[in-house]
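Trainee:
2 protein chains.
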Amino acid sequence: MQEVKIYDTTLRDGTQAEDFNLSLSDKIRIALKLDEFGIHYIEGGWPGSNPKDRGFFEEIRNYQFKQAQIAAFGATHHPMKTPVNDANLKELLKAQTPVVTIFGKSWTVHVKDALHTTLERNLEIIRDSLAYLRPQAKTLFYDAEHFFDGFRADRDYALATLEKAVEGGAECLVLCDTNGGNLPGAIREIMAVVKERFPGMPLGIHAHNDADLAVANSLAAVEMGAVQVQGTFNGVGERCGNANLCSIIANLCLKMNVPCVPPEKLQKLRETSRFILELANVPPNRYQPYVGRSAFAHKGGVHISAVERNPRTYEHIDPSLVGNRRRFLVSDLSGRATIKRKAEEFGINLSSSDPVALEVLNEIKQMEHEGFQFEAAEASLELLINKAMGSSKRYFELIGFRVVDQKLSEDDEPVSEATIRVRVGGQVEHTAALGLGPVNALDNALRKALEKFYPELREMELSDYKVRVLPGRDGTASRVRVLIESHDPRGHWGTVGVSHDILEASWQALVDSVNYKMYKDEKGLNGES
Amino acid sequence: MQEVKIYDTTLRDGTQAEDFNLSLSDKIRIALKLDEFGIHYIEGGWPGSNPKDRGFFEEIRNYQFKQAQIAAFGATHHPMKTPVNDANLKELLKAQTPVVTIFGKSWTVHVKDALHTTLERNLEIIRDSLAYLRPQAKTLFYDAEHFFDGFRADRDYALATLEKAVEGGAECLVLCDTNGGNLPGAIREIMAVVKERFPGMPLGIHAHNDADLAVANSLAAVEMGAVQVQGTFNGVGERCGNANLCSIIANLCLKMNVPCVPPEKLQKLRETSRFILELANVPPNRYQPYVGRSAFAHKGGVHISAVERNPRTYEHIDPSLVGNRRRFLVSDLSGRATIKRKAEEFGINLSSSDPVALEVLNEIKQMEHEGFQFEAAEASLELLINKAMGSSKRYFELIGFRVVDQKLSEDDEPVSEATIRVRVGGQVEHTAALGLGPVNALDNALRKALEKFYPELREMELSDYKVRVLPGRDGTASRVRVLIESHDPRGHWGTVGVSHDILEASWQALVDSVNYKMYKDEKGLNGES
Chain A
1 MQEVKIYDTT LRDGTQAEDF NLSLSDKIRI ALKLDEFGIH YIEGGWPGSN PKDRGFFEEI
61 RNYQFKQAQI AAFGATHHPM KTPVNDANLK ELLKAQTPVV TIFGKSWTVH VKDALHTTLE
121 RNLEIIRDSL AYLRPQAKTL FYDAEHFFDG FRADRDYALA TLEKAVEGGA ECLVLCDTNG
181 GNLPGAIREI MAVVKERFPG MPLGIHAHND ADLAVANSLA AVEMGAVQVQ GTFNGVGERC
241 GNANLCSIIA NLCLKMNVPC VPPEKLQKLR ETSRFILELA NVPPNRYQPY VGRSAFAHKG
301 GVHISAVERN PRTYEHIDPS LVGNRRRFLV SDLSGRATIK RKAEEFGINL SSSDPVALEV
361 LNEIKQMEHE GFQFEAAEAS LELLINKAMG SSKRYFELIG FRVVDQKLSE DDEPVSEATI
421 RVRVGGQVEH TAALGLGPVN ALDNALRKAL EKFYPELREM ELSDYKVRVL PGRDGTASRV
481 RVLIESHDPR GHWGTVGVSH DILEASWQAL VDSVNYKMYK DEKGLNGES
Chain B
1 MQEVKIYDTT LRDGTQAEDF NLSLSDKIRI ALKLDEFGIH YIEGGWPGSN PKDRGFFEEI
61 RNYQFKQAQI AAFGATHHPM KTPVNDANLK ELLKAQTPVV TIFGKSWTVH VKDALHTTLE
121 RNLEIIRDSL AYLRPQAKTL FYDAEHFFDG FRADRDYALA TLEKAVEGGA ECLVLCDTNG
181 GNLPGAIREI MAVVKERFPG MPLGIHAHND ADLAVANSLA AVEMGAVQVQ GTFNGVGERC
241 GNANLCSIIA NLCLKMNVPC VPPEKLQKLR ETSRFILELA NVPPNRYQPY VGRSAFAHKG
301 GVHISAVERN PRTYEHIDPS LVGNRRRFLV SDLSGRATIK RKAEEFGINL SSSDPVALEV
361 LNEIKQMEHE GFQFEAAEAS LELLINKAMG SSKRYFELIG FRVVDQKLSE DDEPVSEATI
421 RVRVGGQVEH TAALGLGPVN ALDNALRKAL EKFYPELREM ELSDYKVRVL PGRDGTASRV
481 RVLIESHDPR GHWGTVGVSH DILEASWQAL VDSVNYKMYK DEKGLNGES
């Protein structure tokens with residue numbers, strides 16, 4: 001089959017989702033990650049609509065991309081303007097992207113009720129907007145908004161809008177199910193008509209998930225000849241979201257044999273999906289097809305023994321193809337070998353029959369049960385294995401801390417103070433510090449107490465601090481998980497803490513972070529855990 | 001089109017999901033709710049497999065059902081046994097349900113690697129198991145496990161297993177995509193062959209979501225003549241889950257005009273979906289098609305003004321048909337008109353040319369810049385608009401609080417204590433409370449201080465508490481945003497706070513939550529903000 005190009009709009013349509021927000025620097029980092037994964041087009045935003053998107057296009061020019069082409073998105077010109085004096089079109093060109101994608105109205109209802117113009121004028125607007133952009137855009141795509149609804153309401157008019165887009169110079173007609181309400185049968189029928197009407201013209205699909213069919217609709221369009229699929233990673237987007245590219249890419253590659261992303265990139269599917277959710281600070285959906293934590297998890301005893309004999313019995317694909325892994329929820333037989341492999345990674349020699357491996361495994365299971373997660377906190381895991389092997393060193397001992405947070409009237413900011421007593425070697429250090437909030441006060445006090453003994457701590461900084469309230473519906477008494485990322489001039493490392501008390505959870509992660517700094521310096525490691 | 005009967009397996013296949021567990025009493029309550037909603041068949045469990053399922057079938061007999069028929073699920077008899085001495089089949093009959101559903105192996109790989117028997121013996125087992133149950137089962141369904149994979153591996157054998165099921169007396173052949181890896185095209189082709197081979201025989205579909213296509217596959221089967229659809233509410237189930245009945249039922253009724261559930265029941269779709277999640281203590285997926293909180297939420301300014309003129313422009317159905325509602329989100333993308341509309345939603349009369357609207361808008365923009373977000377905290381927004389209009393009431397005044405968190409050795413859990421002074425009317429209340437962590441201590445102290453004056457606070461509970469560290473890379477000094485969701489017997493509402501200090505941020509959200517409770521009770525509102 002013909003190659004399908006993937007057009008990712010996580011950075012534009014994705015951020016229309018409720019509660020999915022990305023900073024400018026998040027957007028840059030995600031674009032680089034998508035490029036690394038092998039995405040063909042990355043829609044960065046709508047340059048005319050807000051300062052953040054404008055900033056993105058200014059900054060993204062400084063980066064070199066391996067394969068991906070950045071696209072800027074915008075609307076056809078305003079009915080009361082001409083292309084030349086339309087601010088939106090001007091902004092689009094100012095973005096200086098290799099790809100420009102412009103959307104226009106296909107549905108008569110929208111022309112009247114959203115654009116407030118005549119059907120005839122809308123046709124001119126489409127042609128003239130594209131024709132104006134054409135000489136300056138290296139690649140020019142046309143998104144036919146609400147195409148399927150438009151076609152069903154007035155087929156001739158919907159086709160006439162595409163005609164104008166072709167006249168204007170569009171290189172791909174992307175048919176959009178903007179309201180997400182169409183069924184695969186309608187997608188197929190309408191695609192067939194469009195294909196016949198515009199032979200040889202590349203077609204694309206942009207589906208929304210309001211009827212829970214966005215993936216199926218996208219695949220149906222590919223079967224009908226679409227060569228571009230638009231969507232978002234993890235299916236984020238307005239209302240119920242866009243078509244989920246994680247599922248689409250995996251289905252195209254593994255089920256339909258459509259050239260799309262090479263196998264070695266596909267193995268990064270899960271990692272890429274997670275990276276984006278981490279930056280947006282959105283908890284992953286454990287049940288997500290292909291990439292979810294439960295996607296290859298086997299619970300029933302019958303399933304487990306069958307999968308052990310032959311994974312095909314209850315797995316539709318080999319999970320490693322998408323960078324995921326099999327999990328047995330009752331008895332984790334792969335566990336001990338994993339610890340051994342992890343220890344090897346850390347340069348620790350541990351045989352999987354070693355009782356220490358079992359001990360560590362049990363401890364990790366207990367900790368995971370309590371809410372710990374080591375995926376982003378391998379420094380904590382490394383310290384844990386070391387401790388179980390009896391080779392860890394105590395750099396200091398806590399005698400006690402007290403954190404006070406006091407607010408003296410409704411309008412005052414509270415004042416946070418921490419006092420701390422630690423023992424280092426034979427010496428006791430008792431000190432205090434203020435902070436911006438209680439966690440910061442505790443952090444400051446700990447560093448102040450230790451820096452005298454370990455001056456190398458001065459070169460260590462916290463680069464990220466994350467808090468997640470763990471599910472359980474206990475309101476303000478819920479357990480929280482704190483993840484801390486630290487760095488020094490030679491590397492960075494992640495640590496974790498869990499408790500009902502956010503200060504205790506932060507304390508655990510801070511202590512691991514400080515201990516890891518000293519440990520790695522002694523071992524001459526560069527960090528990166 | 002022919003009526004489609006819905007077969008819900010939330011209570012059996014649904015509970016195979018990781019982290020989805022139901023008690024016996026939950027299962028009973030859900031069965032009654034599903035009956036009320038108009039589900040035709042409710043699979044209660046696998047009586048032979050565990051005591052909870054056995055208990056369910058004993059207890060459920062005491063209830064009267066309006067329409068639904070309870071089904072018991074089980075496997076064909078053990079290869080080394082005969083039907084008469086097979087404990088599993090015996091348990092199935094002991095359940096005394098109007099419907100018995102029995103599953104058998106269709107796929108040669110499974111016969112050999114899971115059942116460990118010969119192909120010939122498996123055919124006997126299927127026929128004999130059904131023939132044994134037939135005289136005692138009022139209604140007898142056959143689930144052909146892995147049918148689609150089996151058909152693709154050995155078409156003749158797969159069809160032969162169905163032949164045996166028919167010989168044994170099956171009233172419906174339910175074809176299962178057990179591993180969830182098939183595409184709609186395969187479903188359609190294979191259904192067509194089965195239909196031709198067994199003319200007049202009722203067919204059903206049971207799809208899993210491993211390729212993100214369970215809903216599409218189920219609908220494809222209905223198009224090919226399936227008259228029974230199996231699935232679960234909200235799509236829970238092993239690995240990536242079962243076919244989501246919420247989406248399937250809505251699509252059948254509203255998109256395909258297939259008789260299935262009457263319109264007045266369909267309006268309970270969202271409520272039924274929520275009820276089940278509440279009992280399982282699983283947070284709802286806000287983006288879930290049809291029933292999610294965001295399913296009809298509009299964020300972009302362009303979308304909002306178009307929907308105002310004509311809802312069809314960005315809504316595929318009228319949300320009230322499934323018991324959902326339209327929402328307009330306040331975000332950096334919106335303007336003064338949104339505030340006006342928001343105020344209207346809250347029952348506050350505000351013209352968009354009113355200087356108050358501008359004032360509120362500026363305040364919101366400033367607050368959003370600082371990290372506030374009102375999408376999930378509409379109660380805070382409502383209080384804000386009220387305050388700007390000068391119509392807010394002060395229920396109490398804070399004189400001061402102090403929170404102390406003290407850890408006395410490395411191995412001790414810290415102790416959290418909060419003291420608080422508030423003024424209510426002319427009276428000063430000074431009190432203290434402990435808590436699981438400092439936020440919980442503060443929460444407890446605030447309630448303790450106020451409950452004396454406002455006893456209605458006792459019926460209010462916190463249902464969710466979320467913390468997000470805002471981007472900015474200031475480590476432990478980062479700003480945090482706290483979101484609190486509260487509820488009382490009549491509704492639920494969300495509030496927000498932002499500060500460098502997590503206690504201050506939590507305080508802001510707690511205060512809004514308490515104020516909103518008192519405000520809405522005075523106004524006679526039900527909440528839902």
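One line per chain: the protein sequences are A and B, in this order.
Once you know that position 346 of the first sequence is 346 in UniProt numbering, the rest is easy, because the numbers rise by one and skip nothing.
Once you know that position 102 of the second sequence is 102 in UniProt numbering, the rest is easy, because the numbers rise by one and skip nothing.
Think of the CB as a built atom: it goes at the ideal place given N, C-alpha and C, for glycine as much as any other residue.
Can you give me, in chain order, the residues of the stretch 484 to 496 of chain A that have a beta carbon less than 7 Å from any beta carbon in chain B?
Mentor: Listed in sequence order: no entries.
Trainee: From D13/A to W46/B, what does the alpha carbon distance come to, in whole angstroms?
Mentor: In the first sequence, the residue the question calls residue 13/A occupies position 13. In the second sequence, the residue the question calls residue 46/B occupies position 46. One C-alpha to the other measures close to 44 Å.
Trainee: Taking only beta-carbon positions, decide if Q267/B is within less than 9 Å of chain A.
Mentor: In the second sequence, residue 267/B corresponds to position 267, counting from 1. No, its Cβ sits nowhere closer than 9 Å to a Cβ of chain A.
Trainee: State the DSSP-derived secondary structure class of L398/A, mapped to helix, strand or coil.
Mentor: Here residue 398/A is taken as the residue at index 398 of the first sequence, counted from 1. Residue state, collapsed to three classes: strand.
Trainee: Please tell me whether D318/A has its Cβ less than 9 Å away from any Cβ of chain B.
Mentor: Locating residue 318/A in the first sequence gives position 318, where the first residue counts as 1. No, because no Cβ of chain B sits closer than 9 Å to the Cβ of D318/A.
Trainee: Under 9 Å, Cβ to Cβ, is there at least one residue of chain B near F296/A?
Mentor: Residue numbering aside, residue 296/A sits at position 296 when the first sequence is read from its first letter. It does: the Cβ of F296/A has a partner Cβ on chain B nearer than 9 Å.
Trainee: In the DSSP assignment, find the unbroken alpha helix (DSSP H) run with P196/A in it and report its ends.
Mentor: Translated into positions along the first sequence, residue 196/A becomes position 196. Correcting the residue identity first, residue 196/A is Glu in this sequence and not Pro. Where E196/A is concerned, the enclosing alpha helix (DSSP H) stretches over 184 to 197.
Trainee: Please classify L434/A: is it buried, with 16 or more other beta-carbons within 10 angstroms of its beta-carbon, or exposed?
Mentor: Taking the first residue of the first sequence as 1, we reach residue 434/A at position 434. Looking at its Cβ environment, which holds fewer than 16 other Cβ atoms inside 10 Å, L434/A is exposed.
Trainee: State yes or no: is the C-beta of L483/B within less than 9 Å of the C-beta of A509/B?
Mentor: What you label residue 483/B is simply residue 483 of the second sequence in a count that begins at 1. What you label residue 509/B is simply residue 509 of the second sequence in a count that begins at 1. It is a contact, given that the beta carbons lie within the stated cut-off.
Trainee: According to the Cβ coordinates, are V174/B and V4/B closer than 9 Å?
Mentor: Along the second sequence, one-based indexing puts residue 174/B at 174. Along the second sequence, one-based indexing puts residue 4/B at 4. Going by C-beta atoms, V174/B is not nearer than 9 Å to V4/B.
Trainee: Could you list the residues in the stretch 86 to 97 of chain B with a C-beta less than 9 Å from some C-beta on chain A, going in chain order?
Mentor: Taking 9 Å as the Cβ-Cβ cut-off against chain A, none of the residues of the stretch 86 to 97 of chain B qualify.
Trainee: Ordered along the chain, which non-local residues of its own chain (more than five positions away) have a Cβ less than 7 Å from that of V469/A?
Mentor: Taking the first residue of the first sequence as position 1, residue 469/A is located at position 469. Excluding residues within five positions, the ones whose Cβ falls inside 7 Å are S478, V480.
Trainee: Check the Cβ of Q406/B against every Cβ in chain A and list those closer than 8 Å, keeping chain order.
Mentor: Start at 1 with the first residue of the second sequence, and residue 406/B comes out as number 406. Correct list: G400, F401, R402, V403.
Trainee: Give the residues of chain B in contact with residue 592/A, contact being defined as C-beta atoms less than 7 Å apart.
Mentor: This structure gives no information on residue 592/A, because the portion of chain A shown stretches from 1 to 529.
Trainee: Comparing the C-beta of K466/A with each C-beta of chain C, is any distance below 9 Å?
Mentor: In the structure shown, chain C cannot be found, because the protein chains are A and B.
Trainee: By the three-class DSSP mapping on this structure, what secondary structure does V291/B have?
Mentor: The count along the second sequence starts at 1 and reaches residue 291/B at position 291. V291/B falls in the coil class under three-state DSSP.
Trainee: Which word fits G181/A, buried or exposed, when buried means at least 16 other C-beta atoms lie within 10 angstroms of its C-beta?
Mentor: Indexing the first sequence from 1 puts residue 181/A at position 181. It counts as buried.
Trainee: Would you report the Cα separation of S334/A and A243/A, rounded to the nearest angstrom?
Mentor: Within the first sequence, numbered from 1, the residue matching residue 334/A stands at position 334. Within the first sequence, numbered from 1, the residue matching residue 243/A stands at position 243. Note on S334/A: pLDDT 42, under 50, position unreliable in the model; the coordinate value appears next. Rounded to the nearest angstrom, the two C-alpha atoms are 34 Å apart.
Trainee: Under 8 Å Cβ-Cβ, which residues of chain B neighbour H500/A?
Mentor: By 1-based counting over the first sequence, the position of residue 500/A is 500. Chain B residues near H500/A: L436, G437, N440.
Trainee: Buried or exposed for N62/A, going by 16 or more other Cβ atoms inside 10 Å?
Mentor: What you label residue 62/A is simply residue 62 of the first sequence in a count that begins at 1. N62/A comes out exposed.
Trainee: Per DSSP, N242/A is paired with what?
Mentor: Mapped onto the first sequence, residue 242/A falls at position 242. According to DSSP, which records beta bridges pairwise, N242/A is partnered with H208/A.
Trainee: Could you say which of F372/B, R341/B, N251/B, S294/B lies nearest to L321/B if we only look at CA atoms?
Mentor: In the second sequence, counting from the first residue as 1, residue 321/B sits at position 321. The option with the nearest alpha carbon to L321/B is N251/B.
Trainee: Across the stretch 95 to 112 of chain A and the stretch 129 to 140 of chain A, are there enough close Cβ pairs to call them in contact, namely three or more that are closer than 8 Å?
Mentor: Yes: the two stretches touch, three or more of their Cβ pairs being nearer than 8 Å.
Trainee: Distance check for I385/A and N349/A, CA to CA, integer angstroms please.
Mentor: Counting from 1 along the first sequence, the entry for residue 349/A is found at position 349. Counting from 1 along the first sequence, the entry for residue 385/A is found at position 385. C-alpha separation (whole angstroms): 11 Å.
Trainee: Count the other CB atoms, across all protein chains shown, that sit within 10 Å of the CB of T82/B; report buried if there are 16 or more and exposed otherwise.
Mentor: The residue given as residue 82/B occupies position 82 in the second sequence. So T82/B ends up on the exposed side.
Trainee: What's the C-alpha gap between G204/A and A165/A?
Mentor: Working through the first sequence from its first residue, we reach residue 204/A at position 204. Working through the first sequence from its first residue, we reach residue 165/A at position 165. Straight-line Cα distance between these residues: approximately 14 Å.
Trainee: Going straight from the alpha carbon of V258/A to that of A211/B, what length do you get?
Mentor: Translated into positions along the first sequence, residue 258/A becomes position 258. Translated into positions along the second sequence, residue 211/B becomes position 211. Approximately 15 Å between the Cα atoms of the pair.
Trainee: Does the distance from the C-beta atom of V498/B to that of L442/B stay below 9 Å?
Mentor: Locating residue 498/B in the second sequence gives position 498, counting from the first residue. Locating residue 442/B in the second sequence gives position 442, counting from the first residue. No. Outside cutoff.
Trainee: Going by the DSSP bridge assignment, what does F328/A pair with across the sheet?
Mentor: Position 328 of the first sequence, counted from the start, is the residue given in the question as residue 328/A. For F328/A, which the question treats as bridged, DSSP gives the partners H298/A.
Trainee: Is it true that the CB of T178/A sits closer than 9 Å to the CB of S129/A?
Mentor: As a first step, residue 129/A must be located in the first sequence, where it is residue number 129. As a first step, residue 178/A must be located in the first sequence, where it is residue number 178. No.
Trainee: Does DSSP put I385/A in a helix, in a strand, or in coil?
Mentor: Position 385 of the first sequence holds residue 385/A. In this structure, I385/A counts as helix in the three-state DSSP scheme.
Trainee: Can you give the beta carbon distance from K195/A to G225/A, rounded, assuming they're within the 8 Å contact cut?
Mentor: Your numbering for residue 195/A matches position 195 in the first sequence. Your numbering for residue 225/A matches position 225 in the first sequence. K195/A to G225/A, Cβ: 5 Å. Contact.
Trainee: Just to confirm the assignment, what range does the alpha helix (DSSP H) spanning W507/B have?
Mentor: Taking the first residue of the second sequence as 1, we reach residue 507/B at position 507. 502 to 523 is the extent of the alpha helix (DSSP H) around W507/B.
Trainee: Assign G74/B to one of three DSSP states: helix, strand, or coil.
Mentor: If you number the second sequence from 1, residue 74/B lands on position 74. Three-state DSSP puts G74/B in a strand.
Trainee: Closer than 9 Å by beta-carbon distance: list the chain A residues that pair up with S506/B, in chain order.
Mentor: Here residue 506/B refers to the residue found at position 506 when the second sequence is read from its first residue. Correct list: T476.
Trainee: Would you mind reading off the limits of the alpha helix (DSSP H) that contains D53/A?
Mentor: The residue given as residue 53/A occupies position 53 in the first sequence. Start and end: 51 to 60.
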